[in-house]
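Residue numbers (the working numbering): 105 to 410. Ideal Cβ positions, reconstructed from N, Cα and C, are used throughout, including at glycine.
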């Protein structure tokens with residue numbers, strides 16, 4: 105049996121939730137496939153700063169449930185299902201998932217991104233035993249212990265600041281000459297005594313048998329490796345768009361992001377994209393929320409013409 109809707113939103117992050125809220129408020133029968141993690145990456149962010157309406161910032165694990173509640177109150181329905189394939193069927197979009205099939209007049213893709221792995225020895229073996237992607241989850245367990253953050257962007261800087269409230273020291277390792285995080289985060293990182301910077305460096309291996317004991321670093325300028333003691337390694341070296349389920353259905357950029365026009369329409373009629381899965385996305389929570397609403401408005405206009 106298929107679940108039918110006018111607007112099917114695939115993705116449960118802030119872009120998808122905002123799209124669902126807008127589409128439902130426009131009176132469209134709206135269904136959301138949230139995947140297994142409602143809220144996406146924002147759930148692990150202790151404080152989202154610069155989000156309109158929250159001058160002191162807002163935890164990601166608070167923001168996403170708020171928007172979900174608004175969307176549900178407006179009439180949107182939710183399923184914790186993950187899309188595995190899509191195909192056009194007589195002008196409608198048939199979406200398959202392990203828990204059932206869905207049929208929709210229009211689709212908004214907001215699946216977001218997945219954290220990239222270092223792909224070094226020890227990373228897979230020690231995941232969950234010191235290798236982590238969530239500082240707010242694991243920082244209290246590392247009180248007064250040394251930790252390493254891999255990455256120099258916004259996420260890495262935010263997580264390093266959270267970790268610095270608990271760990272005895274935080275080493276940020278990144279392969280660029282300087283941090284690439286926005287200035288507001290860079291300034292705070294550089295002023296935090298417990299955070300040390302290791303620019304132009306890469307992690308060659310994560311050390312430890314049953315738990316993380318350290319990392320092996322290599323500076324770009326030299327061949328010599330140095331072992332750095334650590335009880336935790338937090339990996340934030342970049343993001344990969346979640347688009348494998350599209351199976352060549354849409355135009356993608358060289359990085360695998362979905363290509364859209366100015367109305368967030370893809371090259372397949374009736375399919376729109378919003379948030380960090382989209383090529384050209386600003387990568388900010390507020391921007392993703394705005395794109396979700398813009399995509400819902402575009403889907404509504406498409407359905408009105410159809």
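Query	Result
Between the CA atoms of residue 380 and residue 217 - distance to the nearest angstrom	6 angstroms
Of the listed residues 125, 302, 329 and 337, nearest to residue 317 (C-alpha basis)	337
For residue 303, three-class secondary structure by DSSP	coil
Residue from 261, 236, 321 and 328 with nearest C-alpha to residue 296	261
Selection from 220, 188 and 215 that minimises the alpha carbon distance to residue 206	188
Residue environment, residue 134, which counts as buried when at least 16 other CB atoms sit within 10 Å	buried
Minimum length 3: unbroken beta strand (DSSP E) runs contained in the stretch 171–224	181–183, 189–193, 196–201, 204–213 and 217–219
Residue 114 burial status per 10 Å Cβ neighbour count (16 or more: buried)	buried
Which of helix, strand or coil DSSP assigns to residue 237	coil
CA nearest to the CA of residue 313, picked from 225, 283, 236 and 302	225
Sub-8 angstroms separation of residue 109 and residue 208 beta-carbons	yes
Three-state secondary structure (DSSP) of residue 144	helix
Reduced DSSP category for residue 294 - H, G, I as helix; E, B as strand; rest coil	helix
Collapsed DSSP secondary structure at residue 380 in the structure displayed	helix
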